[in-house]
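In my numbering, the protein residues as written are 790 to 1110.
In what follows, a single structure is set out as structure tokens and then discussed.
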Amino acid sequence: MADATLSTGQRSSQRRPQPGLNPLRPCGFPATIRRVDVVLGLSVCGGAARWTRLRRLGVSERALRAALAAGIVEPVGRGGYALPGTDPALVAALRVNGVASHADAARLHGLALWRPIDGIDVTVPPGSRPTEAGVRVHRAHVAADEIDVQLPMTGLLRTVLDCGRSLPMADAVVILDSAVHGGRVKLTTLRKAAESARGHGAVALRRAVAQVDALADSPLESSLRLLLVLIDANLQSQVKIPRVGLVDFVLDGWLVIEADGFEHHSNRADYRRDRERGNQLAVLGYTLLRFTYEDIKGRPRWVLDQVRLALKRGPKAGDQG
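Put into structure tokens, the structure is as follows:
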């Protein structure tokens, strides 16, 4: 069970290095290493770490004091330290004695997002009442093996499950698709975790996981698919058509739907290749509809109307489906 609040409190600082509370798991270096440079120690932890972690890495208190005095390192909260320019989510996590989580952890893990999420997400232990401006605080237990081995954030599986529990469907599915498509999380693992989930957001998580498609190649495709499943038609994704190649979606065997991302038409060659694909689809008897990011995000009802009108009209004569 977890709850979340967006705090507007004031930030606090700590001048002298002190042991942090509830230290995270050590970074990738063995504890036997000594006299590690402060900047190096912080860098392998994403730029922010608690004193307990730095000490395990071999950073001396004397070196840390010197780095603080030189302005190379900044004190963060109680027993935390960061390099200037470190990701705000990691700094906020140290400041409130928690871990970056949810959409911020997904971003830090390199997963795709459908849109920027306002505020910073941090998870703290139940009963903790931190105050930090612009931080959305989630109160939940995070086991040691659910914390990333380097950065102060939730691990990959815990991150995507948290997103599935708390984010709107489109945002959650884009993140889940990204994790599964890249092979970093197995779909079977995701389904098993969702099925056993209990408490706040468990139902939302199961609904999101039910929509995951490992074939989804981009956030745009994931979001378009969530619209197309609302239509009463046989939907196939990533379909290979002879002399055309892969297309994003095919409905009822003849209506091809493409998510039209700008990055796929960034030069003349791509543009020309795209026109050739469209012409070949027409020759083969398929109908092609293309939708842009602005269409899918800004006018989803219009997208659905266009698809339904095309389906109502029916396939062309000589359709291959």
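Note that the Cβ used here is the ideal one computed from N, Cα and C, for glycine as well.
As the structure is a computational prediction, the values presented were derived from the model and not from experiment.
Contacts around residue i, its chain only, beta-carbon distance under 6 Å, and the 5 residues preceding and following it disregarded
| i | result |
| --- | --- |
| residue 906 | 892 |
| residue 878 | 889, 893, 909 |
| residue 1094 | none |
| residue 810 | Residue confidence is low: residue 810 scores 33 on pLDDT, short of 50, so the model does not pin down where it sits. No coordinate-derived value is stated. |
| residue 924 | 796, 881, 909, 911 |
| residue 820 | Only weak support exists for where residue 820 lies, its pLDDT of 41 falling under 50; the coordinates are left without a value. |
| residue 1041 | 1022, 1023 |
| residue 848 | 825, 827, 830 |
| residue 970 | 1003, 1005 |
| residue 976 | 969, 1003 |
Paired residues, beta bridge with residue i - DSSP
| i | result |
| --- | --- |
| residue 869 | 839, 865 |
| residue 1078 | 1046 |
| residue 1111 | An answer regarding residue 1111 cannot be provided, because it is not within the stretch 790 to 1110 covered by the chain. |
| residue 909 | 924 |
| residue 889 | 911, 942 |
| residue 936 | 943 |
Cβ pair residue i, residue j closer than 7 Å
| i | j | result |
| --- | --- | --- |
| residue 1100 | residue 1022 | yes |
| residue 1048 | residue 1010 | yes |
| residue 865 | residue 887 | no |
| residue 862 | residue 827 | yes |
| residue 962 | residue 999 | no |
| residue 995 | residue 983 | yes |
| residue 875 | residue 838 | no |
| residue 903 | residue 959 | yes |
| residue 1020 | residue 1096 | yes |
| residue 954 | residue 935 | no |
Chain-order list of residues whose beta-carbon lies under 7 Å from that of residue i (same chain, five-residue window excluded)
| i | result |
| --- | --- |
| residue 951 | 890, 891, 943 |
| residue 1039 | 1025, 1028, 1045 |
| residue 1002 | 966, 1014, 1026 |
| residue 940 | 834, 835, 879, 897 |
| residue 913 | 885, 886, 887, 919, 926, 928 |
| residue 856 | 827, 862 |
| residue 957 | none |
| residue 1081 | 1049 |
| residue 873 | 863 |
| residue 751 | Given that the chain is displayed from residue 790 to residue 1110, the structure contains no residue 751 and the question cannot be resolved. |
Below-7 Å beta-carbon distance, residue i vs any chain D residue
| i | result |
| --- | --- |
| residue 955 | In the displayed structure, chain D is absent; only one protein chain is listed. |
Where residue i falls, given that 16 or more other Cβ within 10 Å makes a residue buried
| i | result |
| --- | --- |
| residue 933 | exposed |
| residue 851 | exposed |
| residue 831 | buried |
| residue 919 | buried |
| residue 930 | exposed |
| residue 1098 | exposed |
| residue 1018 | exposed |
| residue 1032 | exposed |
| residue 1071 | exposed |
| residue 937 | buried |
| residue 1059 | exposed |
| residue 1035 | exposed |
Neighbourhood of residue i by C-beta distance below 8 Å, restricted to the same chain and skipping five residues each side
| i | result |
| --- | --- |
| residue 949 | 895, 900, 964, 965, 968, 974, 979 |
| residue 1085 | 1009, 1012, 1013, 1016, 1048, 1092 |
| residue 1089 | 1016 |
| residue 1056 | none |
Open item on the list: I'd like to know if the stretch 1063-1076 and the stretch 985-996 are in contact, where contact means that at least 3 CB-CB pairs between them fall below 8 Å.
Closed with: no
Task: Cβ pair count under 8 Å reaching 3, the stretch 964-972 against the stretch 993-1013 - done: yes
Open item on the list: With a threshold of 8 Å, are at least 3 pairs of Cβ atoms found where one atom belongs to the stretch 1070-1084 and the other to the stretch 1032-1049?
Closed with: yes
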